[in-house]
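Heads up: the structure comes next, in structure tokens.
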Amino acid sequence: MTAVSLLLMAVCATSVLAESSVYFREQFEDGDAWKSRWIESKHKSDYGQLVLTAGKFYGDGEKDKGLQTSQDAHFYASSARFDDFSNKGQPLVIQFTVKHEQSIDCGGGYIKLFPSELNQEDMHGDSVYNIMFGPDICGPGTKKVHVIFNYKGKNHLINKDIRCKDDEFTHLYTLVVNPDNTYEVKIDNKKVESGNLEEDWDFLPPKKIKDPDAKKPEDWDDREKIPDPDDKKPEDWDKPENIPDPDAKKPEDWDDEMDGEWEPPMIANPDYKVKSGTIFDNFLITNDPNLAEEVGNDTWGKTKDAERKMKESQDEEERKKREEEDKKRKDEDEEEDKEEEEEEEEDEEEEDGEEPELEEEEDESPDAVKDEL
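This is the structure in structure tokens:
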């Protein structure tokens, strides 16, 4: 199943900078001007379109605007360029916010940093990148934060499982790589993982290797996992993108012989797995972890509570609306039942009021014959 992902940015190592620096910052606060800074890849013609919006609910209608995926079941490839820099001898901090307001079932909310020689108009999923960072969700089994480094031409995944946020609200993701080869991953400005690069990634050859002369026992089973014999396919597995409208009714004047077999119109399937709606915002690349924390508090931190309040208010309105619709539907059903009962009673009364017609039999008695004569 196709996942939704966003590819961003470019970086290469050149000069050494010692002072606190901001290499890249994007908050989309100047309207459509972002289109002059962000380049959409033309590698494939079916990449999804990004739109600028704060979404259905937000804390600040202007400050919370970001790039939103707008088409279901599409990949997204858009990038913005900034000046070359090196993180030699200083921290590297990558930070951004992402919101899955569509209750995402399967999709990637990660970003990538590319070498500066990247051809932005030809960027694609196999383009070589330096770092990939951010959340990835697909079903109940995959809800992780990716931290991938490209080292000597190979992509190295972190050996730890870092769980990402999977709700509908905006969350702040931060990666800090220090010059002493330590790192830290933060979500919402709180540390969720940390450690050493050499220990948590397989950059170097292992200290111990398998005995080349060892032989596998005849009864050895290589399978780490086997299919669960009691597992059953979920009822909602592989739902189609569109389904017949369950509320559609066959027109009264529809003639099967003349018009053919009637089929209900198709509508978007609410259970379809790969749904668009993810919003990316508040990008920051710097060498100052403290600055990143301050920026996070000044952006995500200032609007997160209002965002939740607006969502709760919308949910309450939606709940009341559903209750009213359910009550209206129930009242209509009761009214229909009442009308049907009254019609049945009227039919019964009409039947009871009708008297059977009796036919006169001709009197064939002798007196009757006598009268005729």
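Under my numbering, the first residue of the sequence shown is numbered 11, with each subsequent residue one higher. Quick reminder that beta carbons are idealized off the backbone N, C-alpha and C, glycines included. Small disclaimer: the values here were computed from a predicted structure and weren't measured.
- Contact between the region 224-232 and the region 194-205 is absent: fewer than three C-beta pairs spanning the two stretches fall below 8 Å.
- Nearest in C-alpha terms to M320, of all of F38, K340 and G69, is G69.
- Taking the Cα positions, H53 is about 36 Å away from N199.
- Rounded to whole angstroms, L62 and E208 show a C-alpha spacing of 40 Å.
- Between G58 and S323, the gap from beta carbon to beta carbon reaches 8 Å or more.
- If you compare the alpha carbons of D136, Y183, D298 and D347 with that of V155, the shortest gap goes to Y183.
- A straight-line Cα-Cα distance of about 12 Å links E36 and K45.
- Put simply, the backbone Cα of E346 is about 40 Å away from that of D82.
- Annotation: the region 262-319 contains the following complete segments of the alpha helix (DSSP H) (minimum length 4 residues), in chain order: 266-269 and 299-308.
- Restricting attention to D94, F124 and W310, the CA atom closest to the CA of K75 is found in W310.
- In the three-state scheme derived from DSSP, where H, G and I count as helix and E and B as strand, W48 is classed as strand.
- Going by C-alpha positions, E262 is about 11 Å away from W272.
- Looking from the CA of M142, the closest CA among P274, H134, L123 and I172 belongs to L123.
- Selection G144, K170 and D210 evaluated against I197 yields G144 as nearest (Cα-Cα).
- In the three-state scheme derived from DSSP, where H, G and I count as helix and E and B as strand, L207 is classed as helix.
- Taking C-alpha positions only, T288 is separated from S96 by approximately 31 Å.
- Beta-carbon to beta-carbon, N165 and I158 are separated by about 5 Å, close enough to satisfy the 8 Å threshold.
- When C-alpha distances from A316 are compared across F67, F34 and Q78, the shortest belongs to F67.
- Using a 10 angstroms sphere on the CB of N300, the tally of other CB atoms stays under 16, which defines it as exposed.
- Comparing C-alpha distances from G149 to each of P125, L128, S137 and D177 shows the shortest one belongs to D177.
- With a cutoff of 8 Å on beta-carbon distance, P125 and N297 are scored as not near each other.
- In this structure, the CA atom of D94 is about 58 Å from the CA atom of E335.
- Note that the C-beta distance between G270 and Q105 is not below 8 Å.
- Going by beta carbons, P275 and D257 fall outside the 8 Å limit.
- Assigned with DSSP and collapsed to three states, K75 falls in coil, not helix or strand.
- For the options I114, N188 and G163, the alpha carbon positioned closest to that of T152 is the one of I114.
- Boundaries cannot be given for G135, as no beta strand (DSSP E) includes it and DSSP labels it neither H nor E.
- By the neighbour-count criterion, in which a residue is buried when 16 or more other Cβ atoms sit within 10 angstroms of its Cβ, S55 is exposed.
- Exclusion of the five residues before and after L167 leaves I158 as the residues of its chain whose Cβ lies within less than 7 Å of its Cβ.
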